[in-house]
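Numbering (our numbering), first residue to last: 839 to 1014.
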């Protein structure tokens, strides 16, 4: 299958990229993350992905619409900020996948043991119907440790929190 993979960051893309290729799929990355705060962090993650894409030749579509204000309004208005974040990023990925003729879309969010997999899957399937492009679900968590190893081997920048200002606060609040 020709799959568009939403990429939250290069470290989370390492294992799913290798696994999907090994399984015979063609993979194109898609970087869209208006949730990442601050902007300097956004650029670090984008630069790490550019570095990875040069080392492991892979096409990546970069959607540079960094609309932090819109993201924050939506996340703060939603009872579950992570749900809003999943919907925003997966909806954009599904839209691009449909527009560009991909056979499916997926996300590197599916590698993290810290993400809400059932919710991501439910949202992906709903957006699949909306955009008429299948959501490719695979539980990549089994490769999480492998992705950490690959990240260090490749010298990729690895962040210390999910991305949004609230997750940054939760990560560091005990260290202030």
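By construction, the Cβ of each residue, glycine as well, lies at the ideal position given by its N, Cα and C atoms.
Between the options, which has its C-alpha nearest residue i's C-alpha?
i           : options                  : result
residue 890 : 938, 964, 841 and 991    : 991
residue 904 : 918, 923 and 880         : 880
residue 901 : 1003, 984 and 928        : 928
residue 960 : 846, 924, 950 and 983    : 924
residue 853 : 897, 954, 884 and 978    : 978
residue 878 : 851, 859, 954 and 906    : 906
residue 872 : 962, 865 and 913         : 913
residue 969 : 936, 884 and 885         : 936
residue 894 : 974, 998, 849 and 926    : 849
residue 909 : 1002, 973, 1007 and 1006 : 1002
Roughly how many angstroms lie between the CA atoms of residue i and residue j, to the nearest whole one?
i           : j           : result
residue 981 : residue 945 : 14 Å
residue 867 : residue 911 : 27 Å
residue 922 : residue 874 : 13 Å
residue 840 : residue 863 : 6 Å
residue 920 : residue 843 : 19 Å
residue 933 : residue 947 : 17 Å
residue 918 : residue 965 : 18 Å
Output the boundary residues of the alpha helix (DSSP H) element that contains residue i.
i           : result
residue 890 : 877-893
What residue does the beta strand (DSSP E) around residue i start on, and which one ends it?
i           : result
residue 845 : 840-845
Assuming residue i contacts residue j (C-beta within less than 8 Å), just tell me the rounded distance between them.
i           : j           : result
residue 962 : residue 975 : 6 Å
The stretch 993-1000 touching the stretch 884-898, judged by at least three CB pairs closer than 8 Å
yes
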